[in-house]
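For reference, the structure discussed in these notes is given below.
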């Protein structure tokens, strides 16, 4: 048994808030249970709702090392787990031509020639570690099989070196944008948390925390406009981080009020596709949204 990272749900809320992440009670409770039960936490939701940021916040709040595995189509065991330094092995074999193969093999398949990738790094780390497996849904189904094996017993077998067991179980957080269904087997091994865009009240608190210099009325208007944008059928809705970036943009410009001219001039901070710009211009009633700024 290892010492847990958090002592209570309230402690999760307080420590995450101290590093700039405002966690609701359901979020804090799930993080607490994942830590106490030693189970991976699968966080699902649209892009930009703070899934990856949650892992960073947990790492910072607990002073843990953050190890990130970024998933993508075609990622394989060599990129996720480990691989051998073939160039260095070849040089070693070439330098020892007079040696027998048995002697050379024992040397080239040793720690000196092993290149640990994120999964193996996290398992071997004796210090507190947060392992972030980001955008799991972008990986192939075969990758899920590897994750099941590694996260099941937190150990890895390297045929040439033997079985490597975790000195300390990492806190594991997997994220998914739900672009495809993950396997039932993987979901069974995880606690599940769905994150959506925050309520207007919570997003206002986030902006106030991140950009305290911004006028309270302007903050209200920022949150109101972003909320209206998310209700449109956009190619990509503004993320929480982009809301904060927009607030910082308005502060940098010295904007005292939010009017149509300011919104149109800075909309590129929030929307990254021209089709979304056109839809916002056609359907967003800026005159009503900014009337009280």
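Residue numbers (full-length UniProt numbering): 1 to 293. Here a beta-carbon is modelled for each residue, glycine too, at the ideal position from N, C-alpha and C. Please read all numbers here as calculations on a predicted model, not as lab measurements.
Residue i versus the options, residue with shortest Cα-Cα distance
i, options, result
"residue 236", "152, 48 and 19", "48"
"residue 88", "72, 8 and 111", "111"
"residue 265", "275, 279, 250 and 256", "250"
"residue 52", "13, 115 and 239", "239"
"residue 26", "18, 38, 12 and 36", "12"
"residue 203", "74, 187 and 220", "220"
"residue 215", "68, 248 and 279", "248"
"residue 158", "254, 133, 114 and 91", "114"
"residue 43", "119, 8, 133 and 20", "133"
"residue 38", "91, 191 and 10", "191"
"residue 259", "145, 147, 218 and 140", "218"
"residue 223", "18, 200, 80 and 148", "200"
"residue 34", "46, 55, 19 and 45", "55"
"residue 74", "210, 143 and 119", "143"
"residue 284", "273, 95 and 233", "233"
Three-state class that DSSP yields for residue i in the structure shown
i, result
"residue 14", "helix"
"residue 173", "strand"
"residue 27", "helix"
"residue 184", "helix"
"residue 22", "coil"
"residue 193", "strand"
"residue 42", "strand"
"residue 2", "coil"
Residue i - partner residues in DSSP beta bridges
i, result
"residue 134", "70"
"residue 49", "DSSP output for residue 49 lists no bridge partner at all."
"residue 179", "For residue 179, which the question treats as bridged, DSSP gives no partner whatsoever."
Close beta carbons around residue i, own chain, < 8 Å, minus the five adjacent residues each side
i, result
"residue 78", "117"
"residue 58", "5, 16, 31, 64, 130, 171 and 173"
"residue 62", "5, 6, 15, 128, 130 and 171"
"residue 206", "22, 198, 240, 243 and 244"
"residue 124", "116, 164, 166 and 167"
Proximal residues to residue i (C-beta, below 7 Å), its chain only, five neighbours per side dropped
i, result
"residue 137", "176, 177, 178, 179, 180 and 182"
"residue 50", "195 and 240"
"residue 230", "197, 237 and 238"
"residue 277", "267 and 271"
Contacts around residue i, its chain only, beta-carbon distance under 6 Å, and the 5 residues preceding and following it disregarded
i, result
"residue 252", "none"
"residue 83", "115"
"residue 187", "none"
Distance cut-off 7 Å: residue i Cβ against heavy atoms of the ligand MN
i, result
"residue 219", "Ligands in the displayed structure: none, and consequently the ligand MN is not present."
Residue i at chain C interface by Cβ criterion, 8 Å
i, result
"residue 82", "Of the protein chains in this structure there is only one, and it is not chain C."
Within the region 139-169, ranges of the beta strand (DSSP E) (whole runs, at least 3 residues): Listed in chain order, they are 155-158 and 162-165.
Can you check the region 55-123 for any beta strand (DSSP E) of at least 3 residues that lies completely inside it and give the ranges in chain order? Listed in chain order, the complete beta strand (DSSP E) runs (minimum 3 residues) inside the region 55-123 are 65-70, 82-84 and 114-116.
What ranges does the alpha helix (DSSP H) occupy inside the region 201-282, keeping only unbroken runs of at least 4 residues that lie completely in it? The qualifying runs are 216-231, 240-253 and 260-266.
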